[in-house]
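The numbers in the sequence shown follow our numbering, run straight up by one, and end at 470. All C-beta atoms in this analysis are idealised placements derived from N, C-alpha and C, irrespective of residue type, glycine included. This report concerns only the one structure given below.
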Amino acid sequence: MSSSISKYFPPAFKLIFFVELWERFGFYGIQAIFVLFMIQDLRMSDATAENLFSAFIGLAYTFMFIGGWIGDKIIGTQRTLLAGAITLLCGYLILFIGTNGTITMALSIIIAGNTLFKANPSTLIAKIFPYEHPKAESAFTLYYMSINLGSFISMLIVPYLYTAFGFHMAFGSSVIGLTLAILAFIIKRKWLVGLDSPPGFEPLSLGDIVVLLSIVIGISGISMVLLSHLYIAYTMLYCAAIIVLLMIFREIKLSNSQERKKLIVCLFLIVEAVGFYILYQQMPTSLNLFVIRCTDHMILDFPIEPAAFQSLNPVWIIAASPIMAYIFSHSAKYVSLPSKFAAGMFCCALAFLSLGVAASYTQSCEGIISGNWVVITYFFLSIGELLISGLGLAMIAKLAPQRSTGFMMGAWFISQALATIFGGFIAAQVGIHPEMNIPTSQLTNNYAALFLALGSASLFGTLCMAAIAPTLTKKLSLKK
-9 MSSSISKYFP PAFKLIFFVE LWERFGFYGI QAIFVLFMIQ DLRMSDATAE NLFSAFIGLA
51 YTFMFIGGWI GDKIIGTQRT LLAGAITLLC GYLILFIGTN GTITMALSII IAGNTLFKAN
111 PSTLIAKIFP YEHPKAESAF TLYYMSINLG SFISMLIVPY LYTAFGFHMA FGSSVIGLTL
171 AILAFIIKRK WLVGLDSPPG FEPLSLGDIV VLLSIVIGIS GISMVLLSHL YIAYTMLYCA
231 AIIVLLMIFR EIKLSNSQER KKLIVCLFLI VEAVGFYILY QQMPTSLNLF VIRCTDHMIL
291 DFPIEPAAFQ SLNPVWIIAA SPIMAYIFSH SAKYVSLPSK FAAGMFCCAL AFLSLGVAAS
351 YTQSCEGIIS GNWVVITYFF LSIGELLISG LGLAMIAKLA PQRSTGFMMG AWFISQALAT
411 IFGGFIAAQV GIHPEMNIPT SQLTNNYAAL FLALGSASLF GTLCMAAIAP TLTKKLSLKK
């Protein structure tokens, strides 16, 4: 893969690929063990850990649009990316120190860093390969692969470091990964000459620095308050979702007939995506804890660190992406976007129903099931991700009127934030406290009930989505 990148893509793309890979290594390394760290090292209950983690991820999505605005309008794309990476590094270093009193501060700074960083690598790739460029789709496919490659490496390695050496070494690996990304960006930044938003070509003024620092401090401060008072965070997200929904209705009302039909489809698919992201949030929460507590930690008779099972998601994504891309390109005339969303939800239903049935009927007398069932679950969830999340932003770009594309992208991320909160709340329903001594068989049955409920709800959602898919397709005139 690296030789293909070197041969067919310019140095600027190789740099962004490398930076994104190691930045995601750091972020997903923390995600892989963070809930476990809060439960085992900080002695939090499952519910507290899962709700805090979900609020953290939700806020990271909520503020994401600000980073794109800063890059476009204030200091330039490259500077915003670098500022975000440095801010993330500060948050990772505080996690590396790791005391109970600094956790909220670390998460808040990471949220601010993610806000600045996340939107800007893809913006730079869009400048390297404009939409009409023949290699644009290939470039974005490889960029998405860099994200999954970074997450795979970290989710495979970091849990082993955590088990063998403790959280200092585990979080320290995230610090090392992000440091590599920052050094590469600084040393090879000359490869990005001419690739920036207009403010990036202007000298950096004292006023720009003040604005940037104010935004970082402001987002960090707001996040600290919200993470310390989760009910305020939930209220804010609910209000934001209601406001966004009202603004979408207003946009629909002001649009012409053709635009109105497409926006209605957008709205329905965003609502459907909320259901998917609720399920997706189970991977680092309830599904992760289930694997740790209720499986044999084996895949095909090979021992696997339980938290490393999360690496199955990027493995399946990387393996299935070329196949799904081929299917998408050859089925566009026959299978509409709403139908693909319904198929994605059906895959999620299969994922949780199969695991729920396995947990109910194949457990040993000690309440343990085979880890191979988890491999199957991650396969179906990953295919569902490609069908829903993988197509979601492309759907927004295709259907939303040009004047409101940015707003609809923001609505998509707000829906993810809201779903993340709901997902954490659902996962917490089967949570326990570290001091509780519950038989493994009872835990397995509790998780089985949760997974069967999620699978049944997903199946019902699939039927609803399949029922309205022809109507939505007709509005789009996607099917001739």
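Run through DSSP, which three-state label would residue i get?
i, result
"Ile458", "helix"
"Thr285", "strand"
"Pro189", "helix"
"Phe450", "helix"
"Ile359", "strand"
"Phe280", "helix"
"Arg240", "helix"
"Phe43", "helix"
"Glu10", "helix"
"Thr463", "helix"
"Val420", "helix"
"Pro111", "helix"
"Phe354", "Looking at the sequence provided, one finds Ser at residue 354 rather than Phe. Looking at Ser354 - three-state DSSP - the assignment turns out to be coil, as it is neither helix nor strand."
"Glu249", "helix"
"Asp87", "Contrary to the premise, residue 87 reads as Ile rather than Asp in this sequence. Here Ile87 sits in helix by DSSP."
"Phe441", "helix"
"Ser405", "helix"
"Asn303", "helix"
"Met426", "coil"
"Pro0", "coil"
"His320", "helix"
"Gln432", "helix"
"Lys388", "helix"
"Val183", "coil"
"Leu194", "coil"
Nearest-angstrom Cα distance between residue i and residue j?
i, j, result
"Thr410", "Ala109", "19 Å"
"Lys243", "Lys251", "11 Å"
"Val18", "Ile143", "Residue 18 is actually Tyr in this sequence, not Val. So the two alpha carbons sit approximately 9 Å from each other."
"Lys330", "His158", "43 Å"
"Lys470", "Tyr324", "Note that Lys470 scores a pLDDT of 40, beneath 50, so its modelled location is shaky and nothing firm can be said."
"Glu192", "Ile60", "14 Å"
"Asp186", "Val25", "37 Å"
"Ile428", "Cys80", "39 Å"
"Phe15", "Thr169", "11 Å"
"Val365", "Cys284", "14 Å"
"Ala154", "Thr89", "20 Å"
"Glu356", "Thr430", "6 Å"
"Lys63", "Ala230", "23 Å"
"Glu241", "Ile29", "45 Å"
"Leu468", "Pro460", "With a pLDDT of 45 at Leu468, under the threshold of 50, the modelled position of this residue cannot be trusted; read the value that follows with caution. Their backbone Cα atoms lie some 10 Å apart in a straight line."
"Arg33", "Glu425", "8 Å"
"Ser326", "Lys464", "10 Å"
"Gly140", "Glu295", "18 Å"
"Ala339", "Tyr368", "12 Å"
"Pro328", "Leu440", "27 Å"
"Gln248", "Met237", "18 Å"
"Pro188", "His423", "52 Å"
"Gly334", "Ile378", "6 Å"
"Glu13", "Val165", "9 Å"
"Pro1", "Leu71", "18 Å"
"Asn246", "Leu253", "10 Å"
"Phe8", "Ile358", "40 Å"
"Met226", "Gly400", "15 Å"
"Met145", "Phe27", "14 Å"
With residue i and residue j assumed to form a contact (beta carbons below 8 Å), what rounded beta-carbon distance in angstroms separates them?
i, j, result
"Phe336", "Thr452", "4 Å"
"Ile289", "Gly361", "5 Å"
"Ile65", "Leu202", "6 Å"
"Gly458", "Phe258", "The question names Gly, but residue 458 in the sequence shown is Ile. About 7 Å separates the two Cβ atoms, so the contact holds."
"Gly413", "Tyr267", "7 Å"
"Ala75", "Phe107", "6 Å"
"Ala417", "Gln272", "6 Å"
"Ala438", "Ala349", "4 Å"
"Phe403", "Tyr51", "5 Å"
"Ile23", "Asn138", "The pair is not a contact, with the Cβ atoms about 18 Å apart (cut-off 8 Å)."
"Leu220", "Asn104", "That pair is no contact at about 19 Å."
"Leu279", "Asp31", "At roughly 15 Å, the Cβ-Cβ gap does not stay under 8 Å, so Leu279 and Asp31 are not in contact."
"Leu114", "Leu182", "7 Å"
"Ser276", "Val148", "20 Å between Cβ atoms; not a contact."
In the DSSP output, which residue or residues are listed as bridge partners for residue i?
i, result
"Pro328", "Per DSSP, none; premise fails for Pro328."
"Phe292", "Ile289"
Between residue i and the ligand SAM, is the CB less than 7 Å from at least one heavy atom?
i, result
"Ala349", "Although the ligand SAM was asked about, the structure shown includes no ligands whatsoever."
In the segment 118 to 171, which residue ranges form an unbroken alpha helix (DSSP H) of at least 4 residues, counting only runs that do not cross its ends? Counting only runs of at least 4 residues, the segment 118 to 171 fully encloses the following alpha helix (DSSP H) elements, listed from N- to C-terminal order: 126 to 155.
Ordered list of alpha helix (DSSP H) runs contained in the segment 17 to 77, each at least 4 residues: DSSP runs (the alpha helix (DSSP H)) wholly in the segment 17 to 77: 36 to 52 and 54 to 63.
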